[in-house]
Amino acid sequence: MTSFDSKYDMFPAGDVGVVEGEMNIPSRGVPSGDSMEFNTLDEPIKETFMRDLRAVGNKFYHVLLPREKSSLLKEWDLWGPLLLCTFMATVLQGEEEADNTNDGGPEFAEVFVLVWIGAAIVTLNSKLLGGNISFFQSVCVLGYCLFPIALSLIVCRLILFATQNSFLFFLRLTITMVGFAWATFAATKFLGDSQPEGKKALAVFPICLFYFILSWLVVSH
Numbered sequence: 001m002t003s004f005d006s007k008y009d010m011f012p013a014g015d016v017g018v019v020e021g022e023m024n025i026p027s028r029g030v031p032s033g034d035s036m037e038f039n040t041l042d043e044p045i046k047e048t049f050m051r052d053l054r055a056v057g058n059k060f061y062h063v064l065l066p067r068e069k070s071s072l073l074k075e076w077d078l079w080g081p082l083l084l085c086t087f088m089a090t091v092l093q094g095e096e097e098a099d100n101t102n103d104g105g106p107e108f109a110e111v112f113v114l115v116w117i118g119a120a121i122v123t124l125n126s127k128l129l130g131g132n133i134s135f136f137q138s139v140c141v142l143g144y145c146l147f148p149i150a151l152s153l154i155v156c157r158l159i160l161f162a163t164q165n166s167f168l169f170f171l172r173l174t175i176t177m178v179g180f181a182w183a184t185f186a187a188t189k190f191l192g193d194s195q196p197e198g199k200k201a202l203a204v205f206p207i208c209l210f211y212f213i214l215s216w217l218v219v220s221h
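Using full-length UniProt numbering, the first residue of the sequence shown is number 1, and each one after it goes up by one.
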């Protein structure tokens, strides 16, 4: 009992003072200016959606006016390519009542697979040639550069409402070729510097073929 009493005597019997103090937790600074650090855990869904939508629209703008070469490579995403691919596949898909003399156009899945498999093959070719960008960066650029072809598809569909003749066919062909040329130019503008010297032509040819096939679908259906 002596040992227990000695330990008990260490704590004096009396009033115990109030312990007061402050605990300051350093808070993370709010990013300002062009800082790209976002804390999205507490961000409302609407703000997240609008921010992503503005980012997609900004990439479409850079495709139409390809001035800054790294604009599509800094923050890559696949939302824009997915939207364009779904839109083109929906518009180009054939009609169920098409007869044997007219196939009515490709199926939705055919266009969808053609876009993604084609972009993957072009990207693999670029990587085998020694390209210095990642797989998804290349797919992002190829997908976003479909935007001019998608615009030509819209215009061609509007022209099809009129009675067709040779002039309107050549008009649709011209519009589609402009979209094809602009898509190819934008893609090579963004991806050109990623290829080693002497191999850029080998990388550009599959890009031209990829967009040419999609442009042919636009003008022929």
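Where a beta carbon is used, it is the ideal one built from N, C-alpha and C, also for glycine.
- Around K46, the same chain offers no residue with a beta carbon nearer than 6 Å, after the five sequence neighbours per side are excluded.
- Straight-line measurement puts the Cα of P148 at about 20 Å from the Cα of T123.
- In the DSSP assignment, L168 falls within the alpha helix (DSSP H) that extends over S166 to L191.
- Leaving aside the five residues that flank A186 on each side, the residues in its chain whose CB is nearer than 6 Å to its CB run, in chain order, V63, P66 and C145.
- Judged by their CB atoms, G143 and P81 are nearer to each other than the 9 Å cut-off.
- Taking 9 Å as the cut-off, the beta carbon of V111 is found closer than this to the beta carbon of L92.
- Within a 10 Å sphere around the beta-carbon of S166 sit fewer than 16 other beta-carbons, which makes this residue exposed.
- Each of L78, L168 and L171 was checked against the Cα of C140, and the nearest Cα belongs to L78.
- Where K199 is concerned, there is no enclosing alpha helix (DSSP H), because DSSP gives it neither an H nor an E.
- By the Cβ neighbour-count rule, Q195 is buried, with 16 or more other Cβ atoms within 10 Å of its own.
- For F161, there is no enclosing alpha helix (DSSP H), since its DSSP letter is neither H nor E.
- Scanning its chain for C-beta atoms nearer than 8 Å, with the 5 sequence neighbours on each side dropped, one finds around L171 the residues I159, in chain order.
- By the Cβ test, the region 124–139 is not in contact with the region 46–59, since fewer than three Cβ pairs between them sit closer than 8 Å.
- In this chain, the alpha helix (DSSP H) harbouring N58 covers I45 to L64.
- For L84, the uninterrupted alpha helix (DSSP H) segment begins and ends at W79 to L92.
- For C156, same chain residues with a beta-carbon under 8 Å away, outside a window of 5 residues either side, are R172, I175, T176, V218 and V219 in chain order.
- Taking C-beta atoms as the reference points, L191 and I213 fail to come closer than 9 Å.
- Note on W216: under 16 other CB atoms within 10 angstroms of its CB, so exposed under the neighbour-count rule.
- Judged by DSSP in its simplified three-state form, I117 adopts helix.
- Going by C-alpha positions, G57 is about 34 Å away from T163.
- Shown here, L151 sits in a helix according to DSSP, grouped into three states.
- The DSSP-derived three-state label of Q195 is coil.
- Counting the other CB atoms within 10 Å of its CB gives T184 a total of 16 or more, which places it among the buried residues.
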